[in-house]
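Numbering of the first sequence is given in the numbering used here, commencing with residue 2 and proceeding in unit increments. All C-beta atoms, glycine included, are put in the ideal place defined by N, C-alpha and C. Data block below; observations after.
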Amino acid sequence: MAKSTPAYWLLKSEPDAFSIDDLERRPRQTEMWDGVRNYQARNLIRDAMKPGDLAFFYHSSCAQPGIVGVAQIASAGYPDPTQFDAAHAHYDPGSKRDDPRWYAIDVRLDRKLHRLLALDELRSHAGTGLKDLRLLARGNRLSVMPVSPQHWRFILGLE
DNA sequence: GCCAACGTTGGC
DNA sequence: GCCAACGTTGGC
Numbered sequence: 002m003a004k005s006t007p008a009y010w011l012l013k014s015e016p017d018a019f020s021i022d023d024l025e026r027r028p029r030q031t032e033m034w035d036g037v038r039n040y041q042a043r044n045l046i047r048d049a050m051k052p053g054d055l056a057f058f059y060h061s062s063c064a065q066p067g068i069v070g071v072a073q074i075a076s077a078g079y080p081d082p083t084q085f086d087a088a089h090a091h092y093d094p095g096s097k098r099d100d101p102r103w104y105a106i107d108v109r110l111d112r113k114l115h116r117l118l119a120l121d122e123l124r125s126h127a128g129t130g131l132k133d134l135r136l137l138a139r140g141n142r143l144s145v146m147p148v149s150p151q152h153w154r155f156i157l158g159l160e
């Protein structure tokens, strides 16, 4: 088998709940990415993400939405333990241990960007270098989404 | 706080 | 299987 090339992703997080600085302060700068409760995003975590993949860390629902850092996918997908925890906000009584509905992955900080790549700035390239970037699609609400290698390079070039 | 977009739920 | 109601997301 040929070694597979890394894939690229974008992960949204509300900084009030979990920010890039929170990730930086974690032991080994690594954190479980849990609480995803959307089937499209679940499928990506469970079936497509792999260790060594890279992801933009995006701050959403905040004063300055945009990309703030790069993270590395640090595990394969595994059943999200919070779905089985009745005391947890993300508890899902419909999920069974022998057939888990939701998945998590581990994420490790690669680096913070030197500056915020604001949503506004990304959007200003929507007609050119960032055409068809999922993040910029109308009504986009996915919290985990793929980024093409071309878009990945273009965005890093903005920094 | 508002509201558009969109996923999920549940009655039929 | 349809679709209205409802809940959530996320920018503004």
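Under the three-pair Cβ rule at 8 Å, the stretch 125-132 does not count as touching the stretch 70-80.
In this structure residue 66 is buried. Its beta-carbon is surrounded by 16 or more other beta-carbon atoms within 10 angstroms. Our two residues, residue 34 and residue 108, have alpha carbons roughly 6 Å apart in a direct line. When C-beta atoms of the stretch 47-60 are compared with those of the stretch 103-122, three or more pairs fall below 8 Å, so the two segments count as touching. Nearest to residue 39 by C-alpha distance, out of 141, 156, 115, 30, is 141. Distance check between residue 100 and each of 13, 9, 79, 126 places 79 closest, using alpha-carbon atoms only.
Taking 8 Å as the cut-off, the beta carbon of residue 148 is found no closer than this to the beta carbon of residue 117.
Separation of residue 85 and residue 97 (C-alpha to C-alpha, rounded to the nearest whole angstrom) is 8 Å. Spanning the alpha carbons of residue 18 and residue 115 requires a straight line of approximately 22 Å. If the five residues before and after residue 94 are omitted, its C-beta is found closer than 6 Å to no C-beta atom of its own chain.
When DSSP states are grouped into helix, strand and coil, residue 98 belongs to the coil group. In the structure shown, residue 90 adopts coil according to DSSP, grouped into three states. Residue 122: member of the alpha helix (DSSP H) spanning 120-124, first to last residue.
Residue state for residue 23 is assigned as helix, using DSSP reduced to three classes.
In this model, residue 56 and residue 92 are separated by some 26 Å (Cα to Cα).
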